[in-house]
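Numbering (this note's numbering), first residue to last: 5 to 119.
As structure tokens, then:
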């Protein structure tokens, strides 16, 4: 089946963020996500899953371990398992991206509480 957002399972997360499951298996997850301006996710890591983020629209700001990186539309970034990270949208337009996780991140995410 041809996959687009319109025929994919939708979910909401964070503060007005959305995701659409394009592929949802135990061994592979492909999600298209949208983050409104000035939103962020909780800093976390995955014990098993590695991830690749491909930015479709906007500019993402990643914190990976103790480094801040900006990733523009048309670029991507690989995050190995066990790497502390988060993504945020510091811009004034929506951030749209694809995140590929292998294996799935379901049950594999460890959130970190920042003091």
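Each residue gets a CB set at the ideal place from its N, CA and C atoms; glycine is no exception. Remember, predicted model here, so these are calculated numbers, not experimental data.
Checking the sheet assignment: what are the DSSP bridge partners for residue 64?
By one-based count along the chain shown, residue 64 stands at place 60. Looking at the DSSP assignment, residue 64 forms a beta bridge with 75.
Excluding the five sequence neighbours on either side, which residues of its own chain have a C-beta within less than 8 angstroms of the C-beta of residue 48, listed in chain order?
Reading the chain shown from its first residue, position 44 is the one you call residue 48. Only 88, 89, 90, 113, 114, 115 and 116 meet the Cβ criterion.
Roughly how many angstroms separate the alpha carbons of residue 76 and residue 106, rounded to a whole number?
Your numbering for residue 76 matches position 72 in the chain shown. Your numbering for residue 106 matches position 102 in the chain shown. Cα-Cα distance, rounded: 23 angstroms.
Nearest-angstrom Cα distance between residue 119 and residue 69?
Position 115 of the chain shown, counted from the first residue, corresponds to residue 119. Position 65 of the chain shown, counted from the first residue, corresponds to residue 69. Here the model assigns residue 119 a pLDDT of 49, short of 50, so the residue's position is not dependable, and the following value carries that caveat. Each residue's alpha carbon lies about 16 angstroms from the other.
Endpoints, beta strand (DSSP E) assigned at residue 93:
Residue mapping note: residue 93 aligns to position 89 of the chain shown, counting from 1. Looking at the DSSP string, the run of the beta strand (DSSP E) that includes residue 93 is 89 to 93.
DSSP-derived helix/strand/coil call for residue 44
Residue mapping note: residue 44 aligns to position 40 of the chain shown, counting from 1. Note: residue 44 maps to strand in three-state DSSP.
Reduced DSSP secondary structure (H/G/I, E/B, other) of residue 86
Counted from its first residue, the chain shown places residue 86 at position 82. Correct three-state label for residue 86: coil.
Taking the straight line between their C-alpha atoms, what separation do you get for residue 92 and residue 78?
In the chain shown, residue 92 corresponds to position 88, counting from 1. In the chain shown, residue 78 corresponds to position 74, counting from 1. Approximately 17 angstroms, taken between the alpha carbons.
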